Amino acid sequence: MYLKNCKIIFYCLFALPIFSKAQNIDKISVDNFYFRKASANDVKWFPAVVPGTVHTDLLKNKVIEDPFYSTNEQKLQWIEKEDWEYKSEFIVSDEQYKSQHLELVFEGLDTYADVYVNKVKLASTNNMYRTWKFDIKPLLKKGKNELIIYFHSAYNYAIADVKKYSVELPAGNDRGEVKTSVFTRKAPCQYGWDWGPRFVTCGIWRPVYIQAWSDFKINDLYFELVKLDEAKASYNLKVNINSTSNKSLNYILKVNGKELVNINSKAKDEITIPFNIEDPKLWWPNGYGESYLYDVELEVNNGKNSEKSLHKLGVRTVKLMQPKDSIGSAFYFEVNGSPIFMKGANYIPMDAFLPSTTLAKKDSILKMVVSSNMNMLRVWGGGIYEDNSFYDLCDKYGILVWQDFMFACSLYPWDSAFVDNVKHEAIDNIKRIRNHASLALWCGNNEMNEAWHNWGWQKQYKWNASDSATIWHGYQAIFEKLLPDMVSLYDNQHSYVSSSPKIGWGRADSYKNGDSHYWGVWWGMAPFETYKTKVGRFASEYGFQAMPDFMTINRFLPKDQMNINSAAMRSHQKHASGFETINQYQKWYFPESSNLVHSIYLSQLTQSYGIKIAIEAHRSNKPYCMGTLYWQLNDCWPSISWSSIDYYLQPKALNYQVKRSYSHVLICAEKNNDKLIVSIISDKLRAFNGKLNLKLMNFKGIVIWQKQESVDVSANGVAKIEYKYNENFKQNDSASTFLQMELLEEDSIISENNYFFCYPKNLVLPEAKPFMQIEKLKTGEYFIKLKSKTLVKDYCLMSSIKGVLSDNYFDLLPNQEKIIVFKTKETISPVFESIYLNDFKK
Ligand code: BMA
3 MYLKNCKIIF YCLFALPIFS KAQNIDKISV DNFYFRKASA NDVKWFPAVV PGTVHTDLLK
63 NKVIEDPFYS TNEQKLQWIE KEDWEYKSEF IVSDEQYKSQ HLELVFEGLD TYADVYVNKV
123 KLASTNNMYR TWKFDIKPLL KKGKNELIIY FHSAYNYAIA DVKKYSVELP AGNDRGEVKT
183 SVFTRKAPCQ YGWDWGPRFV TCGIWRPVYI QAWSDFKIND LYFELVKLDE AKASYNLKVN
243 INSTSNKSLN YILKVNGKEL VNINSKAKDE ITIPFNIEDP KLWWPNGYGE SYLYDVELEV
303 NNGKNSEKSL HKLGVRTVKL MQPKDSIGSA FYFEVNGSPI FMKGANYIPM DAFLPSTTLA
363 KKDSILKMVV SSNMNMLRVW GGGIYEDNSF YDLCDKYGIL VWQDFMFACS LYPWDSAFVD
423 NVKHEAIDNI KRIRNHASLA LWCGNNEMNE AWHNWGWQKQ YKWNASDSAT IWHGYQAIFE
483 KLLPDMVSLY DNQHSYVSSS PKIGWGRADS YKNGDSHYWG VWWGMAPFET YKTKVGRFAS
543 EYGFQAMPDF MTINRFLPKD QMNINSAAMR SHQKHASGFE TINQYQKWYF PESSNLVHSI
603 YLSQLTQSYG IKIAIEAHRS NKPYCMGTLY WQLNDCWPSI SWSSIDYYLQ PKALNYQVKR
663 SYSHVLICAE KNNDKLIVSI ISDKLRAFNG KLNLKLMNFK GIVIWQKQES VDVSANGVAK
723 IEYKYNENFK QNDSASTFLQ MELLEEDSII SENNYFFCYP KNLVLPEAKP FMQIEKLKTG
783 EYFIKLKSKT LVKDYCLMSS IKGVLSDNYF DLLPNQEKII VFKTKETISP VFESIYLNDF
843 KK
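Take 3 as the starting number for the sequence shown in the numbering used here and just add one per residue.
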């Protein structure tokens with residue numbers, strides 16, 4: 003026994019190190035950066051944070067005030083007109099210096115950067131979306147080395163490009179004196195948007211490091227699913243390798259720790275490794291089952307050194323289906339062979355200063371997305387191709403991603419240098435994102451096709467026929483040729499559409515073919531009810547603004563500017579007539595507000611009321627309509643916008659409503675002439691029998707009419723039950739009754755909703771005196787128990803401290819207890835204030 007143990011110890015101490023292989027890549031960190039304004043050479047260098055931006059570095063060094071506070075945005079516009087320099091010293095050890103290759107990698111440089119190593123100019127970059135790699139071995143020495151990056155003012159730099167074009171290219175959201183944004187491959191929304199500030203920043207916005215390696219290196223992998231059935235998933239793993247020696251390499255592939263492949267190859271640049279996963283566990287989107295991910299490890303070694311590449315692989319198929327039918331052409335996604343109704347939102351960058359978004363913040367918002375019952379986000383084309391961590395989280399949480407290429411609402415140049423730059427950008431990002439289980443679709447641009455046909459540009463910019471032909475040819479070259487070609491070359495497993503939408507909302511065809519952006523509500527000032535008739539095949543944009551939470555407003559408004567007309571408030575509302583539009587709709591549906599808190603509350607209710615109508619219309623028209631993505635999920639700074647979650651991740655009323663409206667099974671009602679139609683929309687992929695409970699009651703809880711029905715709901719189907727309105731409901735006062743709807747499956751409630759017969763402002767709500775009891779649990783959470791003798795309409799709880807409420811902006815039904823859970827990290831006890839519609843005078 004003793005001897006045996008000795009052997010084991012010997013083996014562990016001595017044998018393992020002898021047999022294990024050394025890492026083939028040594029990563030040299032490049033940090034300790036400093037920066038300065040380039041025009042003042044004698045000015046001292048300030049410490050910088052990389053990844054970062056010049057604005058956030060200036061803020062950290064107290065050179066500028068908080069760009070998001072008050073009207074500071076205006077004061078900080080000088081920064082974009084300056085050039086900025088960053089420098090770092092890094093050490094290359096003797097051992098590292100012996101490597102055959104020393105490769106400097108920038109995962110992102112924003113944007114026009116001259117890169118110098120030991121005072122020698124290495125390169126000039128011109129695209130923030132590209133990964134830049136340079137073999138710098140000949141420029142390096144052992145020991146201390148210097149890296150300098152000189153950022154040209156993106157604004158000044160691109161003016162020369164603007165001048166080269168004989169026509170003006172539209173860029174309506176660009177608030178610059180000269181519209182340079184479309185000439186620069188840089189996040190369009192940095193130049194200003196109708197929800198965002200203008201901060202044309204610069205900096206090393208993604209990681210930078212040096213890779214020291216010899217003989218071989220894995221460049222990238224591609225998991226190509228060849229066949230999927232219940233018994234197995236067959237893949238071709240395409241490994242792009244850089245092998246500089248004549249010796250063969252070993253390739254060892256493990257899935258969940260089990261070795262599936264162990265082969266030898268002398269391949270120099272590419273090798274295909276077929277492998278099978280038996281009895282595959284599928285990856286499903288949120289709501290449909292587990293989003294299962296396999297751990298895949300590819301090891302490449304030459305007997306001496308090894309490199310390992312780790313991946314999370316979701317086994318699934320996702321296809322965009324666009325069959326023609328008697329009405330037009332459908333637009334839906336099939337996941338693992340089943341048509342899936344997409345419920346989600348449009349996603350914009352989470353911060354005007356992109357690297358400021360922490361992983362924890364991304365994780366938090368994606369958890370909110372999951373708990374809102376969403377299964378899709380559209381990464382909108384005016385921002386960025388997100389960081390890898392974003393797609394990792396989407397894989398983990400089962401959130402499908404509709405990925406736009408970064409082009410929005412404008413027209414772009416077509417010269418060969420620009421197109422070539424876009425080509426490399428596309429290749430970099432397709433390769434980076436294609437293996438994610440969450441990826442569902444590539445889309446060329448946001449609204450550019452619609453804009454070309456419907457936004458009156460030809461007249462506005464006075465293009466003649468030949469200008470128009472050239473511009474349109476330029477558009478086609480990128481969106482109808484280059485990008486689809488790159489997608490089919492590097493990612494043949496995902497579909498591509500050239501523009502979202504194909505047809506603008508002003509044309510009837512928009513509701514018959516493909517995806518649609520419906521902006522008749524908001525931009526067209528149409529009433530919310532219009533959502534019921536303007537139902538497209540897939541609603542990829544529609545939305546309405548609301549003010550953010552009071553806590554958020556408190557953070558960006560000075561005390562003396564706490565009103566809607568103050569300069570500070572107006573500078574955080576980027577839509578020219580945003581407040582006026584909110585007010586107009588509010589007047590149609592809700593009582594008027596008399597102070598700021600009420601304005602916040604009512605604007606949020608108005609937004610949530612409108613979007614509820616839209617979602618119910620989209621879902622009850624399934625399968626004609628197969629998706630609903632409202633505009634917009636989030637904010638990039640504290641602002642008044644279309645978002646449902648604000649910059650500080652404070653949910654608006656809409657966030658709570660979406661959770662209800664996106665439930666896996668939705669029950670809703672709709673009056674149609676003399677009928678009231680109750681719809682049950684099921685996203686379950688199996689049929690079920692449900693028990694429907696309907697109660698018409700007054701606001702004191704007296705039941706006037708009730709009905710129980712057994713309803714068979716088909717798999718992925720919609721069941722509609724019609725009630726004669728006159729017989730059942732009309733005799734009751736529509737201003738003081740409502741229909742409570744519940745759907746049960748095997749005695750548990752799977753869906754509930756309330757239908758009111760008139761606008762909220764016309765309801766005759768009794769005075770409410772809800773009872774509230776707060777209990778602190780041992781876990782640190784609070785239970786808020788609420789009960790009332792009368793209906794409390796649109797009950798909003800406002801906490802004195804930061805925390806998360808399990809529900810808010812709900813209807814508290816008469817005589818029914820409701821328990822809300824409040825989670826907080828703070829140690830002081832919360833105090834809750836309440837607002838509800840009953841307190842507003844008609
Ligand atoms: C949509 C988007 C954005 C814009 C939003 C609200 O069409 O694509 O361009 O912010 O409208 O106006």
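Each residue gets a CB set at the ideal place from its N, CA and C atoms; glycine is no exception. None of the values given here were measured: they were computed from a predicted structure.
Own chain partners of residue i with C-beta closer than 6 Å, once the 5 adjacent residues on each side are dropped
i, result
"Leu-793", "Phe-701 and Pro-816"
"Ile-329", "Lys-514"
"Phe-333", "Gln-324, Gly-516, Asp-517, Arg-539 and Phe-540"
"Ser-610", "Ala-655, Leu-656 and Gln-659"
"Ala-1", "It is not possible to answer for residue 1, since the shown part of the chain is limited to 3 through 844."
"Val-228", "Ser-236 and Asn-238"
"Ala-616", "Tyr-533 and Tyr-544"
"Gly-385", "Ala-189, Cys-191, Ile-350 and Pro-351"
8 Å CB neighbourhood of residue i in its chain, flanking five on each side removed
i, result
"Gln-563", "Ser-72, Ala-569, Ala-570 and Met-571"
"His-426", "Asn-129 and Arg-132"
"Ile-367", "Met-352, Leu-635, Asn-636, Ile-647 and Leu-651"
Residues of its chain near residue i, where Cβ-Cβ distance is below 7 Å and the 5 sequence neighbours each way are ignored
i, result
"Asn-7", "Confidence at Asn-7 is low in this model, with a pLDDT of 48, below 50, so the placement of that residue should be treated as unreliable; the coordinate-derived value is given next. There are no such residues."
"Tyr-167", "Pro-415"
"Trp-707", "Leu-698 and Asn-730"
"Thr-2", "Only positions 3 to 844 of the chain appear in the structure, and residue 2 is not among them; the question remains open."
"Met-3", "Low confidence applies here, because Met-3 scores a pLDDT of 44, under 50, leaving its location unreliable and the question unanswered by this model."
"Asp-841", "none"
"Phe-581", "Ile-566 and Gln-575"
"Tyr-727", "Lys-673, Asp-676, Lys-677 and Leu-678"
CA nearest to the CA of residue i, picked from the options
i, options, result
"Ile-27", "Lys-219, Ala-721 and Ser-684", "Lys-219"
"Phe-759", "Leu-779, Asn-304 and Asn-674", "Asn-674"
"Gly-316", "Val-371, Leu-395 and Ala-354", "Leu-395"
"Ile-93", "Val-119, Leu-651, Glu-748 and Asn-756", "Val-119"
"Ser-666", "Gly-476, Lys-77 and Ile-752", "In the sequence under discussion, the amino acid at residue 666 is His, which differs from the Ser named in the question. When only C-alpha atoms are compared, the closest one is Ile-752."
"Ser-331", "Tyr-626, Gly-508 and Ser-579", "Tyr-626"
"Val-358", "Asp-648, Glu-170, Thr-319 and Gly-54", "In the sequence as displayed, the identity of residue 358 is Ser instead of Val. Among Asp-648, Glu-170, Thr-319 and Gly-54, the Cα nearest to that of Ser-358 belongs to Gly-54."
"Asp-511", "Val-537, Gln-495 and Pro-486", "Val-537"
"Tyr-498", "Glu-75, His-475 and Leu-441", "Leu-441"
"Asp-749", "Asn-695, Gln-495, Leu-799 and Val-298", "Asn-695"
"His-496", "Asn-437, Trp-459 and Met-553", "Asn-437"
"Met-774", "Lys-709, Phe-740, Lys-256 and Val-823", "Val-823"
Sub-8 Å separation of residue i and residue j beta-carbons
i, j, result
"Ser-663", "Glu-618", "yes"
"Leu-223", "His-313", "yes"
"Asn-377", "Lys-345", "yes"
"Val-720", "Gly-692", "no"
"Ser-645", "Leu-635", "yes"
"Val-371", "Ile-350", "no"
"Ser-573", "Gln-588", "no"
"Phe-136", "Val-210", "no"
"Asn-447", "Phe-481", "yes"
"Ile-30", "Glu-87", "no"
"Asn-338", "Leu-284", "yes"
"Phe-335", "Leu-356", "no"
"Ser-542", "His-577", "no"
"Leu-484", "Val-421", "yes"
"Phe-530", "Gly-612", "yes"
"Ser-90", "Asn-158", "no"
Cβ separation of residue i and residue j, assumed to be a contact under 8 Å, to the nearest whole Å
i, j, result
"Ala-214", "Leu-104", "5 Å"
"Phe-153", "Cys-204", "4 Å"
"Trp-639", "Pro-199", "6 Å"
"Ala-671", "Ile-683", "Not quite, the Cβ-Cβ distance comes to about 12 Å (not below 8 Å), so this is no contact."
"Ser-681", "Pro-772", "Their Cβ separation, rounded to whole angstroms, is 31 Å, which puts Ser-681 and Pro-772 out of contact at 8 Å."
### Message
As an exercise, report each continuous alpha helix (DSSP H) stretch of at least 4 residues that is fully enclosed by the stretch 628–702, in chain order.
### Response
655–663
### Query
Along the chain, which unbroken stretches of the alpha helix (DSSP H) at least 4 residues long are found entirely within the stretch 476–539?
485–492
#### Entry: Runs of alpha helix (DSSP H) lying entirely within the stretch 44–83, each at least 4 residues, in chain order
56–62 and 74–77
### Query
Counting only runs that start and end within the stretch 113–195, where is the beta strand (DSSP E) found for 3 or more residues in a row?
114–119, 122–128, 134–137, 145–153 and 193–195
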